[in-house]
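Residue numbers (the working numbering), protein chains in the order written: chain B, 16 to 292; chain C, 16 to 292.
What follows is the structure, given as structure tokens:
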């Protein structure tokens with residue numbers, strides 16, 4: 016099997032420049048946000064206040080090659096890890112607007128930039144498969160459907176009036192208790208659904224579950240209802256909402272194109288039980 | 016000055032049976048929820064997923080006289096601490112309905128009950144005074160106004176479709192940045208406001224800011240707008256919402272009648288930086 020490190024090196028060499036869904040399935044993958052230092056404290060606080068859409072896994076520690084949480088990736092060698100190159104694709108934002116797409120952000124990374132790794136729901140998809148309730152997007156070989164909602168995160172500093180983004184997977188009603196139970200334990204990667212059913216869609220302000228704002232459409236068959244989870248695209252929408260207040264460039268991964276970490280969910284859980292992330 | 020321990024002993028002796036606002040102002044006070052063990056894991060998870068309305072400070076550790084967080088109260092002697100007697104007043108719920116009010120819950124506490132202490136916004140009111148932006152409820156000598164909202168917590172286990180309760184303090188618009196800044200650091204006791212202004216009231220589904228669901232009404236003068244914080248009454252409303260699913264009695268403090276702890280906010284913050292609460 017291809018190791019996480021090999022995948023990161025393939026990204027760094029720009030051999031892998033597409034999505035990472037299904038790669039090294041035992042290992043955690045992470046969403047990215049890189050901000051100028053002046054906004055790092057506000058964003059940390061946004062994550063701590065809203066751990067369901069924004070579960071904070073780690074923060075860079077002064078350089079793009081080191082995290083403050085040593086077990087997530089190998090930071091011990093030049094080969095190990097570089098946040099500027101080890102995602103397949105990056106989005107560069109200026110004043111909240113997407114400016115450039117790129118396969119690295121070496122030129123954009125400045126002293127004083129701070130990188131945040133956010134948990135990703137890929138982590139629980141294999142658990143759903145193993146429990147006999149596989150997500151339809153996996154069965155169809157598509158990206159998950161993602162929606163903007165009208166549910167606001169609790170604000171922190173400049174991050175005011177920023178809505179949740181949710182991922183949606185269709186399930187028959189009778190499977191919802193099982194689906195909730197299986198994903199509940201993945202609290203560092205969005206945990207159990209935040210809402211479900213067509214009444215849930217209405218509560219979240221989602222008018223048409225067949226027309227996602229991000230990712231691929233997934234048809235609902237008769238008897239299926241939508242089930243919604245917090246989604247790691249939420250920070251990118253936050254940057255679009257308040258970007259006019261941010262001086263300097265902001266960098267994210269391209270949706271679906273994640274960083275593959277060196278740990279499994281259970282290893283991360285064990286680590287988090289013994290420390291503050 | 017009366018010490019926290021003296022106040023707790025006055026509660027235990029049923030000398031103090033009213034509210035605790037303004038008592039031992041340097042020290043933290045805490046909200047209470049006591050649940051049968053079968054629901055403790057769901058409620059812990061509800062708190063971890065929704066730290067703004069439900070900032071979890073500590074959980075009892077097998078007995079009503081010991082917490083899993085040693086520095087919050089003196090658990091070292093018989094005199095030190097007893098969760099069943101050291102609040103001024105208790106509310107006893109059955110199937111989500113308020114059944115009895117009492118000055119202790121010694122008879123109701125059963126083996127297997129688990130007590131949760133939740134942060135309280137009293138903790139930041141003196142900081143607002145010191146910053147020159149005193150809350151009007153303090154100036155008027157009234158209880159704070161509290162409202163049910165239409166903002167739902169992210170669900171956990173049996174706790175589904177449970178709305179935020181918020182506290183409201185009126186401020187002139189130009190003071191909002193200062194009020195946000197002062198309370199932001201109190202992230203273990205609700206932190207900065209979750210919304211503000213009359214548009215904020217509308218977003219939260221609050222139609223009349225002069226008619227609170229709990230506490231006292233506070234008039235808004237010309238130029239003042241409502242400012243809303245997460246509130247520790249949220250867990251009690253959660254118990255009312257899903258109480259029909261709970262077998263056995265649930266116990267809370269009476270709103271405003273808190274437990275006075277042996278630590279200041281800064282001591283708690285220091286402790287939390289060094290451990291998982």
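For every residue, glycine included, the Cβ atom is placed at its ideal position computed from N, Cα and C.
Span of the beta strand (DSSP E) around residue i
i	result
residue 56(C)	Element bounds for residue 56(C): not the beta strand (DSSP E) but the alpha helix (DSSP H), 55 to 64.
residue 187(C)	178 to 187
residue 46(B)	44 to 51
residue 105(B)	105 to 109
residue 265(B)	265 to 268
Neighbour list for residue i in chain B, Cβ cutoff strictly below 8 Å
i	result
residue 209(C)	169, 170
residue 342(C)	In the structure displayed, chain C extends from 16 to 292; residue 342(C) sits before or after that span and is not available.
residue 199(C)	60, 171, 172
Residue i versus residue j: straight-line alpha-carbon distance, rounded
i	j	result
residue 30(C)	residue 83(B)	50 Å
residue 108(B)	residue 94(B)	28 Å
residue 100(B)	residue 24(B)	9 Å
residue 292(C)	residue 19(C)	Bear in mind that the predicted position of residue 292(C) carries a pLDDT of just 37, short of 50, making it too unreliable to give a figure here.
residue 45(B)	residue 122(C)	50 Å
residue 250(B)	residue 271(B)	14 Å
residue 153(C)	residue 278(B)	51 Å
residue 198(C)	residue 187(B)	44 Å
residue 223(B)	residue 149(C)	46 Å
residue 191(C)	residue 118(B)	42 Å
residue 260(C)	residue 61(C)	16 Å
residue 177(C)	residue 214(C)	22 Å
residue 173(B)	residue 57(B)	7 Å
residue 87(B)	residue 131(B)	12 Å
residue 165(C)	residue 219(C)	6 Å
residue 286(C)	residue 280(C)	10 Å
residue 128(C)	residue 159(B)	41 Å
residue 137(C)	residue 43(C)	8 Å
residue 167(C)	residue 97(B)	39 Å
residue 47(C)	residue 274(C)	8 Å
residue 90(B)	residue 116(B)	26 Å
residue 296(B)	residue 143(C)	A query on residue 296(B) cannot be resolved here, the shown segment of chain B reaching from 16 to 292 and no further.
residue 133(B)	residue 236(C)	43 Å
residue 175(B)	residue 52(B)	18 Å
residue 112(C)	residue 125(B)	57 Å
The ligand MG heavy atom lying under 7 Å from the CB of residue i
i	result
residue 98(C)	Although the ligand MG was asked about, the structure shown includes no ligands whatsoever.
Residue i, enclosing alpha helix (DSSP H) - first and last residue
i	result
residue 165(B)	Taken as a continuous stretch (DSSP letters only), residue 165(B) belongs to no alpha helix (DSSP H), being part of the beta strand (DSSP E) at 160 to 167.
residue 102(C)	Taken as a continuous stretch (DSSP letters only), residue 102(C) belongs to no alpha helix (DSSP H), as it is neither H nor E.
residue 199(C)	191 to 199
residue 249(C)	249 to 257
residue 140(C)	137 to 145
residue 154(C)	151 to 155
residue 281(C)	280 to 288
Identified DSSP bridge partners for residue i
i	result
residue 210(C)	243(C)
residue 25(C)	Per DSSP, none; premise fails for residue 25(C).
residue 229(B)	161(B)
residue 128(C)	51(C)
residue 73(C)	132(C)
residue 115(B)	107(B)
residue 82(B)	75(B)
residue 39(C)	DSSP lists no partner for residue 39(C).
residue 174(B)	171(B)
residue 274(C)	45(C)
Amino acids of chain C, ordered along the chain, whose beta-carbon sits closer than 9 Å to that of residue i
i	result
residue 67(B)	64, 65, 169
Chain-ordered chain B contacts of residue i [CB-CB under 7 Å]
i	result
residue 206(C)	64
CB-CB length for residue i against residue j, believed under 8 Å
i	j	result
residue 50(B)	residue 265(B)	6 Å
residue 233(B)	residue 157(B)	6 Å
residue 106(C)	residue 269(C)	6 Å
residue 181(C)	residue 245(C)	6 Å
residue 64(C)	residue 67(B)	5 Å
residue 196(C)	residue 171(B)	Contact flag wrong, Cβ pair sits at about 12 Å.
residue 204(C)	residue 135(C)	6 Å
residue 103(B)	residue 36(B)	That pair is no contact at about 11 Å.
residue 39(C)	residue 17(C)	6 Å
Amino acids of chain C, ordered along the chain, whose beta-carbon sits closer than 8 Å to that of residue i
i	result
residue 202(B)	60, 63, 64
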